[in-house]
């Protein structure tokens, strides 16, 4: 990683919780599954053993990934409640000018982004265009098919 990953406080806490669960709970569960599978005998054709080893690799990989993120991140303070400008942690209601459609997004760091949950990264085209803007601003979003949005409302997830 060359540039520090930006995380909201909430995102940082969620990663810490996930890491604790992986280390404290899931590792122990896998250890039990491996012991039970070994007790079945021949490991060369043991599907339970293979499944437990695969799960173990997934869990260990995720632990390494989360530790890397937590060790190489910058926790960004959420924008103040009374902030008039969009920043990391802001919840933004926008109107797409061409269609009049209203959408709401939370601006997050890259590791927290989840478009299905309306959480967009600060480095995606819309996120980059919105950072620093205020209510009433009309923003040009630069994509293959550029479009304009108007900032309708800014709030903070508290």
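Numbering (our numbering), first residue to last: 1 to 158. Glycine included, C-beta positions come from ideal geometry on N, C-alpha and C.
- For residue 132, the closest alpha carbon among the candidates 50, 116, 89 and 73 is that of 89.
- In its chain, beyond the 5 residues on either side, 69, 72, 73, 74, 109, 110 and 111 have a beta carbon closer than 8 Å to the beta carbon of residue 5.
- Comparing C-alpha distances from residue 107 to each of 97, 129 and 101 shows the shortest one belongs to 129.
- Per DSSP, residue 17 has no beta bridge partner at all.
- Going by C-alpha positions, residue 9 is about 7 Å away from residue 76.
- Between the alpha carbons of residue 151 and residue 143 lies a distance of about 18 Å.
- By the beta-carbon neighbour count (other beta carbons within 10 angstroms, threshold 16), residue 118 is exposed.
- Residue 98 and residue 91 have their alpha carbons spaced roughly 22 Å apart.
- From the listed residues 124, 47, 29 and 21, the smallest Cα separation to residue 62 is found for 21.
- Cβ atoms of residue 127 and residue 120 come within 8 Å of each other, at about 5 Å.
- Only buried fits residue 87, as 16 or more other CB atoms lie within 10 angstroms of its CB.
- Under DSSP, residue 73 shares a beta bridge with 5.
- Linking residue 146 to residue 100 through their CA atoms gives a straight-line distance of about 16 Å.
- According to DSSP, residue pairing for residue 121 in a beta bridge involves 108.
- The Cβ-Cβ distance between residue 7 and residue 19 does not fall below 9 Å.
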